[in-house]
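Engineer: Here you go, one structure.
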Amino acid sequence: MASLDPSFVRVGRVTAIYWEGEGAAATALAEFAEATGPWPGLPADQRPVRLILASSRDRFDSLTAGRVPEWGAGAAFPGTNTVVLRLSGDVRQVLRHELAHLALHQAVRRVPLWFDEGYASFASGEWTRLQALSVNWALLAGNKPSLRQMNADLRGGAAHASAGYALAMTAVVMLDRLGGERGLEPLLSNLVEARNLDRALRATHQITLDQFETLWQTEIRKRYGWALFFGSLSMFWTAFAVLLVGLWMWRSRRNRARRAALDEGWFVVDEEGGANS
0 MASLDPSFVR
10 VGRVTAIYWE
20 GEGAAATALA
30 EFAEATGPWP
40 GLPADQRPVR
50 LILASSRDRF
60 DSLTAGRVPE
70 WGAGAAFPGT
80 NTVVLRLSGD
90 VRQVLRHELA
100 HLALHQAVRR
110 VPLWFDEGYA
120 SFASGEWTRL
130 QALSVNWALL
140 AGNKPSLRQM
150 NADLRGGAAH
160 ASAGYALAMT
170 AVVMLDRLGG
180 ERGLEPLLSN
190 LVEARNLDRA
200 LRATHQITLD
210 QFETLWQTEI
220 RKRYGWALFF
230 GSLSMFWTAF
240 AVLLVGLWMW
250 RSRRNRARRA
260 ALDEGWFVVD
270 EEGGANS
């Protein structure tokens, strides 16, 4: 009879809680979590971490009180330094993302949602081609990127959230670049004291949050505009090629019918109303 009680394994500062059949995964993920870090711009995180595994969606929803959207596979709870992880998909990447959330909130209690998710994506190395495409498609659709809209997208469905994560990451990448060799460290250090991103930006880079948003919007258009241009051209030529292939196939079928009719000695009426023999 399968046990309904959880077990646990401890590796360094990480304690992984699991159910029957998840023991090997629990050990491997605890070892991975223990070795993960350091995090950009943050001091080393030495607090104990609790990792809870869920092999089913029902258990994951139960452990997270149904607060994670259907497409989500992980959740971080900074108050207890806990990560709840669904054993599905790229589990290690999801775990690294959630651990980055914990590390950020160890130093900074409150940050905008876009910064929180952008930092976790940046720190966990999630800059993939798919995310870059999400950025391009969001801009190609005529959506003017904004920090407020990003927060709404991150709370939306899977398609909006995908673009939101990518855009949030570009904003944090830009903040990292503004910091030069020290990256995000000066901003995060000031954010600890200021407890407000606008005040931290003023102290670190002498700009307001609104001014940063304008700079970021300009940077997005500049950096991805060429991709949008060639992407739109690619869409046009692809559609044009499909049209040409369709016309060629239609003409080929029409010609075959005409040749077959001529072979039999029939008359074929063409589209202009004339007869051929």
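Residue numbering for the sequence shown follows numbering that gives the first Met the number 0, starting at 0 and increasing by one per position.
Every residue gets a Cβ at the ideal spot worked out from N, C-alpha and C, and that includes glycine.
(1) Per DSSP, Ala53 forms a beta bridge with which residues?
(2) So Ala72 packs on Val82, CB below 8 angstroms; how close in whole Å?
(3) Buried or exposed: Arg85, going by 16 or more other Cβ atoms within 10 Å of its Cβ?
(4) Quick check: the region 59–67 against the region 34–43, are at least 3 beta-carbon pairs closer than 8 angstroms?
(5) Inspect the beta-carbon positions of Met173 and Glu212 and report whether they are closer than 8 angstroms.
(6) Which two residues bound the contiguous beta strand (DSSP E) that contains Arg9?
(7) Quick check on the DSSP output: the beta strand (DSSP E) that includes Thr207 runs from which residue to which?
(8) Pick out whichever of Glu116, Gly88, Arg109, Arg222 has its Cα sitting closest to the Cα of Ala98.
(9) Excluding the 5 residues preceding and the 5 following Arg12 in the sequence, name in chain order all residues of the same chain whose CB lies nearer than 8 angstroms to its CB.
(10) Whole angstroms are fine: how far does the CA of Asp175 sit from the CA of Leu183?
(11) Can you name the start and end residues of the beta strand (DSSP E) that Gly163 belongs to?
(12) Mapping DSSP to helix, strand and coil, what is Thr63?
(13) Using the C-alpha atoms, what's the distance from Ala151 back to Trp126?
(14) So, Leu153 versus Ala160, is the Cβ gap smaller than 8 angstroms?
Structural biologist: Short version:
(1) Arg85
(2) Incorrect: roughly 11 angstroms between the Cβ atoms, too far for contact.
(3) Buried: at least 16 other Cβ atoms inside 10 Å.
(4) no
(5) no
(6) 6–10
(7) No beta strand (DSSP E) contains Thr207, which DSSP labels as neither H nor E.
(8) Sequence inspection shows Leu at residue 98; the Ala mentioned does not correspond to that position. Ranking Glu116, Gly88, Arg109, Arg222 by Cα distance to Leu98 puts Glu116 first.
(9) Glu33, Gln45, Arg46, Pro47, Val48
(10) 5 angstroms
(11) Run containing Gly163: none in the beta strand (DSSP E); it sits in the alpha helix (DSSP H), 157–177.
(12) coil
(13) 21 angstroms
(14) yes
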